[in-house]
Each structure stands twice: as C-alpha cells, then as structure tokens.
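I have placed the structure first, in the form of structure tokens, so that the comments after it can refer back to it.
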Amino acid sequence: MKWDLILSNSFYTAISANAVAYILVASGLNVHFGYTGLLNFGQAGFAAIGAYSLSIPINRFDWPWPLSMLLVVVMAVLLALLLGIPTLRLRADYLAIVTIAVAEIIRLFLNSVRFTWLTGGNDGLQGFTRFMENINPLPADGITLWAQKVDGYRLWLLMIGWLLVAVISTGIWALMRSPWGRVLKSIREDEDAARSLGKNVFAHKMQSLIIGGFIGALGGMWLVLDKQSSQPQDFSTTLTFFCYTIIILGGVASAKGPIVGTMIFLFVIQFVDITLQQATRTTPQDPTPLIPTWIVDQNNFSQIRYIVAGFALATLVIVRPQGIFGDKREQAFDVR
Amino acid sequence: MSADQPVWQPVPGSRKDDAILVVDGIRRAFGGLLAVNVAHIEVPRNRITALIGPNGAGKTTFFNLLTGFDTPDEGTSTFNGQHLVGIAAHKVARMGMVRTFQLTKALSRMTVIENMRLGATDQRGENLFRGLFAPLWRGQEAQITARAEELLARFNLAHMRDELAGGLSGGQRKLLEMARALMVEPEMVMLDEPMAGVNPALKQNLLEHIKGLRAEGRTVLFVEHDMDMVREISDWIIVMAEGAVIAEGTADDIGANQAVIDAYLGAHHDSDLGDG
Ligand SMILES: Nc1ncnc2c1ncn2[C@@H]1O[C@H](COP(=O)(O)OP(=O)(O)O)[C@@H](O)[C@H]1O
Ligand SMILES: [Mg+2]
Numbered sequence: 017m018k019w020d021l022i023l024s025n026s027f028y029t030a031i032s033a034n035a036v037a038y039i040l041v042a043s044g045l046n047v048h049f050g051y052t053g054l055l056n057f058g059q060a061g062f063a064a065i066g067a068y069s070l071s072i073p074i075n076r077f078d079w080p081w082p083l084s085m086l087l088v089v090v091m092a093v094l095l096a097l098l099l100g101i102p103t104l105r106l107r108a109d110y111l112a113i114v115t116i117a118v119a120e121i122i123r124l125f126l127n128s129v130r131f132t133w134l135t136g137g138n139d140g141l142q143g144f145t146r147f148m149e150n151i152n153p154l155p156a157d158g159i160t161l162w163a164q165k166v167d168g169y170r171l172w173l174l175m176i177g178w179l180l181v182a183v184i185s186t187g188i189w190a191l192m193r194s195p196w197g198r199v200l201k202s203i204r205e206d207e208d209a210a211r212s213l214g215k216n217v218f219a220h221k222m223q224s225l226i227i228g229g230f231i232g233a234l235g236g237m238w239l240v241l242d243k244q245s246s247q248p249q250d251f252s253t254t255l256t257f258f259c260y261t262i263i264i265l266g267g268v269a270s271a272k273g274p275i276v277g278t279m280i281f282l283f284v285i286q287f288v289d290i291t292l293q294q295a296t297r298t299t300p301q302d303p304t305p306l307i308p309t310w311i312v313d314q315n316n317f318s319q320i321r322y323i324v325a326g327f328a329l330a331t332l333v334i335v336r337p338q339g340i341f342g343d344k345r346e347q348a349f350d351v352r
Numbered sequence: 007m008s009a010d011q012p013v014w015q016p017v018p019g020s021r022k023d024d025a026i027l028v029v030d031g032i033r034r035a036f037g038g039l040l041a042v043n044v045a046h047i048e049v050p051r052n053r054i055t056a057l058i059g060p061n062g063a064g065k066t067t068f069f070n071l072l073t074g075f076d077t078p079d080e081g082t083s084t085f086n087g088q089h090l091v092g093i094a095a096h097k098v099a100r101m102g103m104v105r106t107f108q109l110t111k112a113l114s115r116m117t118v119i120e121n122m123r124l125g126a127t128d129q130r131g132e133n134l135f136r137g138l139f140a141p142l143w144r145g146q147e148a149q150i151t152a153r154a155e156e157l158l159a160r161f162n163l164a165h166m167r168d169e170l171a172g173g174l175s176g177g178q179r180k181l182l183e184m185a186r187a188l189m190v191e192p193e194m195v196m197l198d199e200p201m202a203g204v205n206p207a208l209k210q211n212l213l214e215h216i217k218g219l220r221a222e223g224r225t226v227l228f229v230e231h232d233m234d235m236v237r238e239i240s241d242w243i244i245v246m247a248e249g250a251v252i253a254e255g256t257a258d259d260i261g262a263n264q265a266v267i268d269a270y271l272g273a274h275h276d277s278d279l280g281d282g
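Listed in order, the protein sequences are those of chains Y and L. Using our numbering, the letters of the first sequence correspond one by one to residues 17 to 352. Using our numbering, the letters of the second sequence correspond one by one to residues 7 to 282.
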C-alpha cells in the first residue's frame with residue numbers, strides 16, 4: 017500500500033476546486049434548509065443552471081465570459097422565482113415536490129437528444145474554459161503538493177475558488193447574524209409565529225431561495241470549470257443528497273459547516289475509494305490482492321466505496337449528532 | 007376589575023361607546039360545519055374582554071379570522087376603523103393587533119432574547135441589503151435589546167435570557183410568547199388560552215401581567231376556561247357557543263344567564279362556571 021499517495025490524494029481532493037464547488041452548492045442549500053427550513057430537494061437544478069448558463073453561451077454563441085457569468089446570476093434568480101412563486105405560500109412539502117421535479121426536468125432537458133444542438137446532450141459541452149486558462153497567471157505545469165501533482169489550471173481554480181468561498185461564507189455569516197437572518201430562523205422554527213409578529217414570511221422565503229439558489233449556481237459553475245466539461249449526469253439528485261449529507265456533517269445552520277462538511281465527506285469517499293483500489297490490485301509479481309476477491313474485487317470496489325463511506329459518515333453523525341459546528345443544546349429537546 | 011364599571015347593555019352584539027374592534031356578519035364554514043357565525047360584536051377599547059365558550063365553540067377560528075390567519079366566507083371586521091378582511095396576517099400585526107396561539111409557538115432553536123428581538127417592528131436590518139452591513143442596524147439593535155431586557159425582567163424571564171426557548175417550561179413559554187407579542191407594541195393583544203397548562207402560582211403572575219396591559223392603555227381580548235380567572239380580571243365577557251355569540255355582559259350578568267348555563271351543560275357537564 018502506498019500510504020503517502022493515498023493520503024496526499026485524499027487530502028488534495030478535500031481542498032480541490034471540486035471541493036470548492038461542493039462547498040458552494042452545499043452553502044446555498046444551507047441557506048435554504050439550515051437557516052430557513054425550506055425543503056429544497058432540487059439544489060442540483062440550481063447547480064445545473066449555473067453550469068450551463070456559463071458553458072452554453074460561451075461554447076455555442078461565443079459570448080464574452082463576463083456576460084455569461086451575468087447570465088448565471090439572472091438564470092439562478094429566475095429559477096428561484098419559478099420555484100418559489102407557486103409554492104412558498106403553500107405547505108412546506110409542496111416546495112419539496114416541485115424542486116425535485118424541476119431539477120429532474122432540467123437534467124432530462126440537458127440530456128435530451130432533441131436539444132443536443134444546444135446543450136451537447138449526453139456528451140456535454142467542452143471548450144468553454146479558455147478564458148479561465150487565459151487569465152491564469154500561474155505556470156501551466158503547476159506544483160506537487162506532497163505526493164500529489166496539481167496542474168496550473170486547477171491550482172488557479174483552487175486559489176480563486178477558496179477566495180470565493182471566503183467571500184460567500186463571510187457574507188452568509190454576516191447575513192445570518194443580522195435581523196434579516198433572525199427572520200429566516202423564525203420562519204424555520206414556526207412561520208405562523210413570524211407572521212403573528214408582523215414579518216412578511218413570503219418575501220423572506222423568496223429572498224432566501226434566491227440567495228441560496230444563486231450560491232448553488234456558482235457552485236455548479238465551479239464544478240464544470242474544474243471538470244472542463246458540462247455533463248448532465250453531474251446534476252442528478254445525488255448531488256442534492258450529497259449536499260444534505262455535507263451540511264448535516266458540518267452542522268446545520270453554521271456558515272463554516274458546509275466547508276468542513278465537504279472536506280470530511282470528500283476525504284472519506286476518496287480515501288475509501290483509492291484504498292480499496294490499491295487493496296484489490298493484482299500485479300504479475302503478486303497475483304493475490306490484499307483483500308480476498310470473494311469480499312470485493314477490482315470490478316466492484318467502486319460500488320463498495322459508497323457503502324463503506326456511508327458507514328463511516330453514519331458513525332460520525334452518531335458520535336456527533338449536531339455535526340461539527342452544530343449547537344449541541346439543540347439536540348436536547350424535540351423541535352416540533 | 008377596574009373601578010369604573012362598564013354600563014353597556016348585557017345583550018349579544020351590544021354597542022360600546024368606544025369600540026376598537028367591530029365585527030359584522032362574519033361566517034366561516036368547514037365543509038358542512040358552520041364554525042363561526044357572529045352577527046355583531048364590538049370590543050371596547052382599553053378594557054379586558056374575555057371570550058369564553060365550550061370547546062369547539064369557534065373561539066380559535068374566530069381569532070384566526072380576525073388576525074388574517076384565515077379568511078371568512080362572508081362578513082366584515084374593522085380595527086380602529088380599518089378593514090381587516092383579506093389583509094395578510096403580518097399586516098394585521100403591523101396595524102397594532104397581535105395575537106398569541108393556543109398551542110404556544112416558542113421559536114425553540116432560538117434563544118429567549120432572540121425571540122424577543124424578533125418581535126420588534128420596523129427593523130432596518132430586516133432588509134436583505136442593509137442586513138449585510140452591521141453598522142446600519144447595530145444602534146437600533148441595541149435599543150431593541152434594551153427594551154427586550156426590560157420586558158424579560160418584568161416577566162421574570164431575565165435569568166433565561168440566553169437559553170434556547172425550547173428549553174423553557176410550558177408556563178415560561180406562555181410568558182415568553184406574551185412578552186414577545188408586546189415587543190410589537192400592539193394596541194390590542196389577543197391571547198388564545200394564555201393560562202392553559204400553566205401552574206397556579208404562575209397563573210396569578212400572568213393575571214397581573216394582563217392587568218398591566220390594560221394599565222398601559224392596551225386592549226385585551228382573551229380566551230379562557232377558568233371562570234374564576236375570568237371573573238377576576240375581565241371588564242366584559244363575550245360568550246360563544248356553536249359559532250355564535252350567545253351572551254355578553256359583566257361576570258355577574260353572565261353567571262345569571264340561563265343560555266350560558268345551558269350551553270355549557272349541553273356541551274360538557276363537568277365544565278366549571280364558577281359560583282355565579
Ligand atoms: N381547519 C379546520 N378544518 C375543519 N374544521 C375545523 C378547522 N378548524 C376548526 N374546525 C372546527 O371548528 C370548530 C371550532 O373550533 P375552534 O375554533 O378550535 O374552537 P374553540 O377554540 O372554541 O375550542 C370545531 O368543531 C373544530 O373541529
Ligand atoms: Mg381554541
């Protein structure tokens with residue numbers, strides 16, 4: 017077993033530009049679910065909108081990138097309005113149903129053969145990241161972090177990505193300690209109580225949906241900048257549920273929660289993955305793998321990794337039910 | 007009871023010389039059940055009015071209809087001459103009419119002081135953009151906090167200031183809900199069973215607080231089952247049964263009213279109407 021490779025690769029995964037993307041998508045969901053109590057099961061939809069609002073105009077219509085980024089913002093706001101206007105006056109479960117449905121509709125549309133001329137269909141879109149390569153001041157061959165090689169483009173994305181995370185997380189923190197954030201939390205606790213005290217519940221929910229959706233769209237954009245390819249399968253409901261896992265791990269309603277939650281989540285998945293990969297490997301000199309093939313072999317370890325990672329994450333949540341940064345006192349009584 | 011006895015006619019729908027809330031022909035049906043069917047009510051300003059009636063009489067539904075949490079099928083109501091029907095609940099609260107709930111709504115995962123601060127109206131920092139910049143709202147926040155702390159002290163909750171509201175006892179939650187409603191600085195307070203599930207010692211305390219509201223010039227309309235409590239603090243009593251107002255009057259009028267006795271006995275025999 018090459019532990020230095022396994023560990024350095026797992027650590028890198030936990031701080032990579034890909035991790036930045038997860039942090040952003042999860043931070044947006046945290047605004048919805050953690051602070052406002054909105055059951056958004058379609059955060060992947062916001063991420064997809066962010067990704068494709070960047071890649072379609074650049075790839076298909078040669079838009080300048082700042083205009084394309086503006087479109088990311090506009091589309092995220094429009095999607096939030098589309099989801100929110102019909103549902104936010106109704107019971108919480110309506111938002112859940114509509115968000116999950118709309119996110120799937122977006123993904124199926126992006127995947128459809130009929131619109132391949134626009135979206136690239138199943139193959140996705142590439143070649144929209146040149147602007148990012150052009151503004152990258154770092155040398156292209158990059159650096160080596162411990163035993164992990166990182167190319168210049170990804171190092172650049174990682175650096176400005178973390179700057180973006182710092183700005184967004186500080187913004188969320190500043191908003192949530194303000195009276196505005198207090199209204200969101202009161203809606204999460206009991207929206208009728210908030211109403212009885214003169215708070216415009218609908219307007220605040222709508223603002224929360226827009227802000228969290230916008231942050232999710234930025235995350236989706238970062239996801240495809242890192243992959244240098246927009247593909248529909250990256251925006252399935254799995255992404256949303258990974259983000260729920262992340263914010264529960266990190267501690268719901270904490271601005272730091274999604275950061276630490278993402279790092280733990282991606283580290284555990286990656287660590288289990290490459291450890292299993294190494295432990296099931298056979299070479300001509302050494303034909304017996306470390307783990308007997310009747311338990312797991314090279315063909316199925318990638319399914320097993322989610323099982324093992326699931327157990328690891330479940331253990332963490334059992335040991336620390338409030339998450340890393342959650343408030344322990346909140347576990348002491350029944351919320352409803 | 008206040009020194010000056012009200013002299014209004016003890017009949018359903020009686021006129022008051024200075025009514026803050028006037029209700030006309032309000033009806034609300036749930037399927038075939040006519041839950042509220044109130045022909046006319048006037049609630050007197052700066053008085054404590056009790057709304058009593060057997061369970062299922064429609065008291066909570068009536069509260070919901072007045073405060074914008076439900077919409078009547080027909081009828082009108084005015085608060086200080088302003089129309090209430092069709093006005094959203096948060097706007098009714100901003101007009102100066104604030105209600106509490108029969109099932110207490112403490113905001114569990116927020117601290118007691120945050121519950122209190124939330125009640126304050128016209129907060130600059132509740133705007134998304136101003137919220138981002140603390141210097142724009144910090145001054146007002148300090149004033150709000152000072153007022154909240156005063157109220158907490160008055161309601162014997164000062165020692166719970168930084169506890170999560172979910173950790174309070176049932177009685178303390180009732181107190182918190184009432185104190186929080188006062189942060190809105192309402193002209194009229196509507197309390198739905200403020201003393202349900204509160205231990206006797208705290209009940210006396212709550213009674214004093216309700217009297218205190220009248221002393222401050224506020225109007226109180228409250229739902230209560232315990233006739234001894236009602237008798238002790240209310241200036242006027244309105245009795246509902248099966249959705250309609252069946253009697254109005256002072257405690258003595260109500261105790262002698264045959265329709266009221268029938269309504270209670272018809273609804274449930276063990277109901278305590280006091281000794282009146
Ligand atoms: N949302 C509702 N749907 C159907 N029936 C209701 C609803 N709310 C109240 N009711 C019915 O209306 C009647 C009055 O209820 P309520 O106003 O809660 O009475 P009270 O507060 O006087 O005990 C009851 O028969 C109750 O079952
Ligand atoms: Mg009731």
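Think of the CB as a built atom: it goes at the ideal place given N, C-alpha and C, for glycine as much as any other residue.
query: Are the beta-carbon atoms belonging to residue 106/L and residue 235/L less than 9 Å from one another?; result: no
query: Confirm, please, whether the CB-CB distance from residue 85/L to residue 194/L is below 9 Å.; result: yes
query: Cβ of residue 55/L within 8 Å of any heavy atom in ligand 1?; result: no
query: List, in chain order, every chain Y residue whose beta-carbon is nearer than 8 Å to that of residue 116/L.; result: 198, 201, 202, 205
query: Can you list the alpha helix (DSSP H) stretches of 4 or more residues lying completely in the segment 200-282 of chain Y, in chain order?; result: 207-212, 217-243, 253-266
query: In the DSSP assignment, find the alpha helix (DSSP H) that holds residue 258/L and state where it starts and stops.; result: 257-261
query: Quick check on DSSP: helix, strand or coil for residue 13/L?; result: coil
query: Using DSSP with H/G/I as helix, E/B as strand and the rest coil, what is residue 99/L?; result: helix
query: Within its chain, find whatever has a CB closer than 6 Å to the CB of residue 228/Y; leave out the 5 residues flanking it on each side and keep chain order.; result: 44, 47, 48
query: Quick one: Cα of residue 128/Y to Cα of residue 203/Y, how far?; result: 38 Å
query: Residue range of the beta strand (DSSP E) that residue 48/L falls in?; result: 39-50
query: Given this structure, state the Cα-to-Cα distance separating residue 81/L from residue 65/L, to the nearest angstrom.; result: 16 Å
query: Given residue 313/Y, which residues of its chain have a CB within under 7 Å of its CB, disregarding the five upstream and five downstream residues?; result: 296
query: What separation, rounded to the nearest whole angstrom, lies between the Cα atoms of residue 151/Y and residue 243/Y?; result: 17 Å
query: In three-state terms, what does DSSP make of residue 58/Y?; result: coil
query: Closer than 8 Å, Cβ to Cβ, to anything on chain Y: give me those residues from the segment 145-161 of chain L, in chain order.; result: 147
query: Say yes only if the C-beta of residue 65/L is nearer than 8 Å to one or more non-hydrogen atoms of ligand 2, and no if none qualify.; result: yes
query: Tell me, which residues are paired with residue 250/L by DSSP?; result: 247/L
query: Report the option in 160/L, 263/L, 148/L, 55/L whose CA atom is closest to the CA atom of residue 129/L.; result: 148/L
query: Since residue 133/L meets chain Y, which of its residues come closer than 8 Å, beta carbon to beta carbon?; result: 196
query: If you drop the 5 nearest sequence neighbours on each side, which residues of the same chain put their C-beta closer than 6 Å to that of residue 340/Y?; result: 266, 267, 276
query: Where do the ends of the beta strand (DSSP E) carrying residue 157/L lie?; result: Unbroken run through residue 157/L is the alpha helix (DSSP H), 144-160; no beta strand (DSSP E).
query: Measuring alpha carbon to alpha carbon, tell me which of 223/L, 153/L, 118/L, 33/L ends up nearest residue 175/L.; result: 118/L
query: So, for residue 51/L: in the same chain, excluding its five sequence neighbours on each side, which residues have a beta-carbon less than 6 Å away from its beta-carbon?; result: 24, 26, 225
query: Using the Cα positions of residue 21/Y and residue 79/Y, report the straight-line distance between them to the nearest angstrom.; result: 41 Å
query: Please tell me whether residue 78/Y has its Cβ less than 9 Å away from any Cβ of chain L.; result: no
query: Say the cut is 8 Å; is the CB of residue 116/L nearer than that to a heavy atom of ligand 1?; result: no
query: Check residue 231/L in the structure and name its three-state DSSP category.; result: coil
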